[in-house]
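Quick note on numbering: the UniProt record's numbering labels position 23 of the sequence shown as 23, and the sequence is numbered without any gaps.
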Amino acid sequence: MHDTPLQPAQLGVALRRWRLLHRIKQAHAAQLFGVAQSTVSRRENGSQAIEPNERALIESRLAARLDAPAEQALARLVNDSPRPVHLVCDLSHRLLACSPARAAQFSIPLSELLGRSLWRYCSAEIISKEAALDSLGWREVLAPPALEFASGCNDSALVPITQSLCRWTRITLSDGSAARLVETL
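Here it is in structure tokens:
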């Protein structure tokens with residue numbers, strides 16, 4: 001299970017977007033997740049709590065993947081960038097791609113971080129900005145193109161964050177999932 005900060009309402013918005021982009025009716029989504037159609041409806045509107053094992057199943061289905069050629073090209077651009085940037089799943093914060101300049105900031109091998117959530121390393125400012133994303137329309141179809149903010153510092157020696165200006169850019173992938181490009185400015 002990912003240590004993601006998404007609340008039931010936020011996960012519900014992601015579930016609804018995924019279902020609509022894949023042209024899946026609530027009844028079919030209910031079959032895929034092994035629940036009643038009314039449960040899917042309540043989850044989408046954020047009125048029903050989601051059990052941890054059900055949450056893991058939903059997140060695994062909605063998580064960003066870099067399977068398509070366009071996403072693989074995006075990963076190559078990030079991996080080859082001379083700037084300190086990385087790409088994460090917008091839902092789970094799993095690290096999908098990372099530039100050498102960003103990886104040089106880590107005290108553990110990049111191979112140990114790829115595919116894992118970076119949420120545990122967030123600064124207080126990043127946690128605060130994440131909490132404000134819904135009010136900023138971040139998960140809407142017409143999301144803001146990018147957000148810039150002061151990232152603050154964390155206390156991690158493994159994945160340190162220093163006081164800097166940060167830019168998040170939300171990228172909708174070909175399968176309808178979302179990734180987040182994280183840049184240090």
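Using N, Cα and C, we set each Cβ at its ideal position, and we do this for glycine too.
Three-state secondary structure (DSSP) of residue i
i	result
His-28	helix
Ser-177	coil
Leu-20	helix
Val-159	coil
Ser-128	helix
Leu-142	coil
Leu-117	Here the sequence assigns Ser to residue 117, which means Leu is not the residue at that position. Strand.
Arg-83	coil
Val-35	coil
Arg-65	coil
Local Cβ density within 10 Å of residue i, reported as buried at 16 or more and exposed below that
i	result
Ala-178	buried
Arg-16	buried
Arg-83	exposed
Ile-161	buried
Leu-66	buried
Glu-51	exposed
Lys-25	exposed
Limits of the beta strand (DSSP E) - the one that residue i falls within
i	result
Arg-102	From DSSP, Arg-102 is part of no beta strand (DSSP E) but of the alpha helix (DSSP H) over 100 to 103.
Cys-166	165 to 172
First through last residue of the alpha helix (DSSP H) which encompasses residue i
i	result
Leu-147	Careful: Leu-147 lies outside any alpha helix (DSSP H), inside the beta strand (DSSP E) at 147 to 150.
Leu-91	Element bounds for Leu-91: n/a, residue is neither H nor E.
Leu-62	52 to 62
Leu-136	It is not in any alpha helix (DSSP H) - Leu-136 carries neither H nor E in the DSSP assignment.
Assumed close pair residue i, residue j - CB separation to whole angstroms, cut-off 8 angstroms
i	j	result
Leu-91	Ala-14	6 angstroms
Glu-148	Leu-185	7 angstroms
Arg-43	Gly-12	5 angstroms
Leu-173	Glu-71	5 angstroms
Phe-106	Leu-96	Actually they are not in contact, since the Cβ atoms of Phe-106 and Leu-96 sit about 15 angstroms apart, beyond 8 angstroms.
Leu-87	Ala-75	7 angstroms
From the options, residue whose alpha carbon lies closest to that of residue i
i	options	result
Trp-168	Ile-50, Ala-132, Leu-136 and Ala-146	Ala-146
Gln-163	Gly-152, Ala-157 and Ile-127	Gly-152
Gly-115	His-93, Ala-132 and Gln-31	His-93
Ser-111	Arg-120, Pro-100 and Asp-175	Pro-100
Asn-53	Val-35, Arg-65, Leu-158 and Leu-66	Val-35
Leu-21	Arg-55, Asp-175 and Val-85	Asp-175
Arg-139	Arg-102, Cys-89 and Leu-57	Cys-89
Ala-150	Cys-166, Ser-135 and Ala-157	Cys-166
Arg-170	Leu-158, Val-159, Ser-156 and Leu-133	Leu-133
Asp-155	Tyr-121, Gly-137, Leu-181 and Val-182	Tyr-121
Phe-33	Pro-144, Val-78, Ala-64 and Ala-56	Ala-56
Pro-109	Val-159, Ser-41 and Gly-137	Val-159
Val-182	Ala-30, Ala-63, Glu-130 and Ser-41	Glu-130
Ser-123	Gly-137, Ala-63, Ala-157 and Leu-142	Ala-157
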